[in-house]
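Here is the structure we will look at, set down as structure tokens.
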Amino acid sequence: MYLREAMTMAFQSLRNNRLRSLLTTLGIVIGVAAVILLVGLGNAVKSGFNETFGAFASQINISKTSGGALGSDSRNLTYSDVRALQDTSAAPDIASVTPVVGGPATVTYGQRKYQGDVTGSTTDILEVANRTVMLGSMFTQAQYQAGERVTLLGPEIAGALFGDPAAALGKMVRIQRTNFRLIGVLDADGQNDNATMMPLGAARRYLIGGDQLSTIIVRAADTQRLDAAEDQIRTILDRQHAIQDPSHRDYSLQAFQNQIDKMNQTITYITYFTVSIAGISLLVGGIGVANIMLVSVTERTREIGIRKALGARRGAIMKQFLIEAVVLAGVGGVLGELFGISFTLAAGKLIATVAPAFGQPTISVLAGAVALAFSLVIGLSAGGYPALRAARLRPIDALRFQ
């Protein structure tokens, strides 16, 4: 009974001061909406990153280091290491092994020159590198085995040398001192657009020289078997390179999953940081609620005195002002939820149009629930002291208040 009366009077008071009530809740509206939007954008960044680099999750890059056993020189990575790693009996958790040679090279067409990066490898390098061919085609297995002088250019090089990449197909370009027939143009990936790809044998014979490899790219059967694949790689290469002391290995392993995990952790920390900033506006909104409730108590001191003189209990007075504070914060929280969801959906449509690779924002139910609950806690906290102050007023003092 007392609770119903307190709620009725609380809502009536808020209706009588609509503009003040709306302005009071504004800080909470902005805070809750910002929390939902920022969490959604943080999820979008994380999903976009994982979608872009998820293909590398099971990938391990092997490269030469300056280590080596004591008293001996470091050994290069060679094709014999590739064959050893391809032995499924010794490495059952390895799905594929891709040898790579590379280095800088000048690509020339007519009077135009461009400094690019040569990559010589097998026919599966596109899948391993998560690249696609925009124009033309990848070199075939027969061309790879024959070491034919064919090449694919990155879009940056093709554009610089030919203007229109479509005009590049079939042309002869000079890479260092050797002519190569251009059979394809790679799609842009924003990172290695100055790449030049060709068969491994052609790169070693005409450009790089020697039998050493720059990198060996290994793909584990799946991400759950990544650690097992790393152990098998170390066992095989230690035997291949006669490594007795693990601290003197002349090669290093880099698992992309570790880099992806670290980046995801960084994105999560950044999201938490930005959300905590949005939480400050919630705190400011709570201070606003407390301030308005103190003003309301002061304005209604005589009303409180009359109610207490007529027999209103201290608990009823306290409930009325607590309910007003919670309703202010609760309405702000609900409005913030609606605005936050609307802004997140609008941001998703904008991103899909402008930057589809960015990732789609997602509405976090947990973030929304926590933000709403926090707004209600702020209402209780902000209304606690003003409500207690109103309940403690003596009727005679309240009636005398001017």
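The sequence shown begins at 221 in my numbering and counts up by one.
Ideal placement from N, C-alpha and C gives every residue a C-beta, glycine not left out.
Between the segment 295–307 and the segment 337–354, the count of Cβ pairs shorter than 8 Å is below three; the stretches do not touch. When the beta-carbon positions are compared, Gly603 and Val504 stay at least 8 Å from each other. Each residue's CA atom was taken as its position, placing Thr564 and Met358 some 41 Å apart. By alpha-carbon distance to Met417, the top candidate from Ser562, Pro375 and Ala448 is Pro375. Looking at the DSSP output, Thr416 sits in a beta bridge with Val338 and Leu373. A residue is called buried when at least 16 other Cβ atoms come within 10 angstroms of its Cβ; Glu271 does not meet this threshold and is exposed. Linking Ser278 to Glu450 through their CA atoms gives a straight-line distance of about 11 Å. When rounded, the separation of the alpha-carbon atoms in Ile497 and Gln432 is 52 Å. Between Ile480 and Phe578, the alpha-carbon positions lie close to 16 Å from each other.
Burial state of Met392 is exposed, judged by a 10 Å Cβ sphere holding fewer than 16 other Cβ atoms.
In terms of Cα proximity to Ile280, the closest of Ile512, Thr435 and Asp413 is Thr435.
Inclusion of Asp470 and Ser294 in the CB contact set at 8 Å is warranted, their separation being smaller than that value. Going by DSSP, Leu433 is part of no alpha helix (DSSP H) at all; its letter is neither H nor E. Counting the other CB atoms within 10 Å of its CB gives Ala362 a total below 16, which places it among the exposed residues. Counting only residues of its own chain and dropping the five nearest sequence neighbours on each side, Asp442 has a CB closer than 7 Å to the CB of Ser278.
Nearest neighbour of Gly379 by Cα position, chosen from Gln335, Glu368, Arg369 and Gly340, turns out to be Gln335. In the three-state reduction of the DSSP assignment, Phe276 falls in the helix class, which pools H, G and I.
Here Ile395 is near Val327, since their CB atoms are less than 8 Å apart.
With distances taken between CA atoms, Glu544 lies nearest to Leu514 out of Gly356, Leu570 and Leu514.
Nearest neighbour of Leu355 by Cα position, chosen from Val554, Gln460, Asp413 and Ala386, turns out to be Ala386. Of the residues Gln460, Leu297 and Leu258, the one whose Cα lies closest to the Cα of Ala310 is Gln460. In the three-state reduction of the DSSP assignment, Ile437 falls in the strand class, which pools E and B. Proximity of the segment 540–556 to the segment 588–600 meets the contact definition, three or more beta-carbon pairs being nearer than 8 Å. With at least 16 other beta carbons inside 10 angstroms of its own, Asn263 counts as buried. Around Val590, the same chain offers no residue with a beta carbon nearer than 6 Å, after the five sequence neighbours per side are excluded. Taking a C-beta distance under 8 Å as the contact criterion, Gly251 and Gly588 do not qualify as a contact pair. In this structure, Val317 keeps its C-beta atom at 8 Å or more from the C-beta atom of Gly340.
Residue pairing of Val327 in beta bridges, as defined by DSSP: Tyr334 and Ile395. When the Cα atoms are used, Thr494 and Leu373 turn out to be separated by approximately 41 Å. Its Cα nearest to that of Ile453, the residue Asp313 stands out among Leu402, Leu406, Asp313 and Gly367.
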